[in-house]
Amino acid sequence: MGRFYKDYADFLAERFEGKMQKLTVNAGFSCPNRDGTIGRGGCVYCNNSSFSPNLAGGADISSNKMSVSQQLEAGKHFFERKYPQMRYLAYFQSYTNTHGDIGRLMELYCEALSVDKVVGLIIGTRPDCVDDRLLGELAAIGKPVIMEYGAESSHDDTLKAVNRCHTWAQTADAVERTVAAGLPVGLHFIMGLPGETREMMMQTVERAASLPIDTIKLHQLQVIKDTVLAREMDVSDDGRMMFRGLPLHIFSVEEYVGLCVDIVMAMCRMNGNIAIERFTSQAPADLLIAPRWGLKNYEFTNLLNRELELRNKKS
Ligand code: SF4
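Per the numbering used here, the sequence shown starts with residue 213, numbered consecutively.
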């Protein structure tokens with residue numbers, strides 16, 4: 213177990229033997245919040261190219277027309293020489309990876325699982341875009357499948373303000389149905405969405421911890437180029453950052469470390485069995501407007517662990 217909380221490595225070690233690596237694939241899905249199925253315009257902070265994969269080797273395998281299996285082979289190639297025993301999880305990350313005809317979806321998932329050493333799937337999607345039939349088919353696939361839902365906040369006013377076009381009740385419902393289907397489930401949240409106070413963020417974490425989830429993933433709000441947020445944010449007369457009349461708080465590293473310490477404590481108190489997968493995200497430098505911390509994920513985790521150590525000594 214990680215020093216202060218259960219981390220993602222702990223979560224994987226409980227389920228898989230040996231070294232595991234996620235390989236991100238872009239299966240060419242679209243987003244129901246952009247194509248009019250659920251909404252138009254997308255979430256105000258979203259520029260999907262900011263979370264398309266860029267493999268550790270620097271080759272962006274998703275931006276071309278490679279098939280799912282070709283992408284996975286390319287990803288494996290990067291790790292295989294150094295870690296010949298490594299096994300892989302295909303991570304369907306970009307856009308909404310359950311938005312499509314169920315037959316076509318299953319074909320793509322099975323294509324991923326047919327790749328040698330790919331032993332499971334992680335499917336990222338919206339909580340309002342997963343039906344029981346699909347969950348049943350995924351549960352019957354015969355290999356581990358982990359569902360990951362973008363919840364982003366537990367506050368419906370916030371979800372509305374950022375044009376998520378779903379509610380917290382839909383997130384809770386998707387979690388319950390996923391657990392009922394027998395699949396592990398994780399939630400993703402953004403800290404610092406327009407209008408949210410620190411108390412609201414902590415409330416979201418506590419609401420998440422009260423659900424039967426296995427993992428949680430957080431990151432700070434990032435203002436990214438070519439998004440509604442970037443275009444419409446402005447500065448109020450008293451010098452505060454605003455978005456459509458709501459305060460927009462851009463975290464400093466120190467502030468965000470402090471928030472994450474409180475989040476870890478709350479999670480451990482409420483349900484120490486939920487793995488915390490990550491705390492930050494770093495959009496590509498050429499797309500990121502703010503905050504420009506220049507920290508890698510592990511560097512942030514080191515800062516956090518140091519602060520947790522201090523807090524632990526004091527208590
Ligand atoms: S964040 Fe997800 S749901 Fe929102 S617009 Fe982007 S792809 Fe669509």
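Beta carbons: idealized from backbone N, C-alpha and C, even for Gly.
Three-state secondary structure (DSSP) at residue i?
i	result
G315	helix
V184	This structure gives no information on residue 184, because the portion of the chain shown stretches from 213 to 527.
I250	coil
E411	helix
Y295	coil
Y257	coil
A363	strand
V435	strand
L500	strand
K508	coil
Q494	coil
F463	coil
R376	coil
Sort the options by Cα distance to residue i and report the nearest one.
i	options	result
M413	G506, A363, H311, G248	A363
A189	K437, H289, A421, A478	Residue 189 falls outside the range modelled here, since the chain spans only 213 to 527, and no answer is possible.
L515	Y468, L499, S242, S493	Y468
T383	S366, L395, N375, F455	S366
A392	L399, I425, H378	I425
I475	E444, R419, T439	R419
C243	L399, L325, G312, I353	G312
L235	N524, Q305, K277	Q305
E444	F216, Y257, R215, E229	Y257
A478	A421, A225, V357	A421
I335	V465, P356, A487	P356
L499	N238, E466, L441	L441
Based on DSSP bridge pairs, tell me the residues matched to residue i.
i	result
Q233	Y300
I488	D219, I428
M445	F455
L333	A302, V357
F401	E364, L430
Just the C-alpha distance for residue i and residue j, rounded to the nearest angstrom, thanks.
i	j	result
Q233	M298	7 Å
G251	N259	16 Å
V447	M453	5 Å
C255	L371	9 Å
A302	C322	11 Å
P396	S493	23 Å
F216	G398	20 Å
E532	E511	The chain is shown from 213 up to 527; residue 532 falls before or after that span and cannot be answered.
L522	P459	31 Å
I273	S527	Unreliable placement is indicated for I273, whose pLDDT of 39 sits below 50; no coordinate value is reported for it.
Q282	E319	15 Å
K329	I353	16 Å
How many whole angstroms separate the CB atoms of residue i and residue j, which I take to be in contact at a CB cut-off of 8 Å?
i	j	result
G404	H461	5 Å
A381	V435	Incorrect: roughly 28 Å between the Cβ atoms, too far for contact.
H472	F455	The question names His, but residue 472 is Cys in the sequence shown. Contact doesn't hold; Cβ gap of about 23 Å is too wide.
R345	T308	Contact doesn't hold; Cβ gap of about 17 Å is too wide.
L284	A324	6 Å
Return yes when at least one heavy atom of the ligand NAP lies under 7 Å from the C-beta of residue i, else no.
i	result
C480	Absent from the structure shown: the ligand NAP. Ligands present: the ligand SF4.
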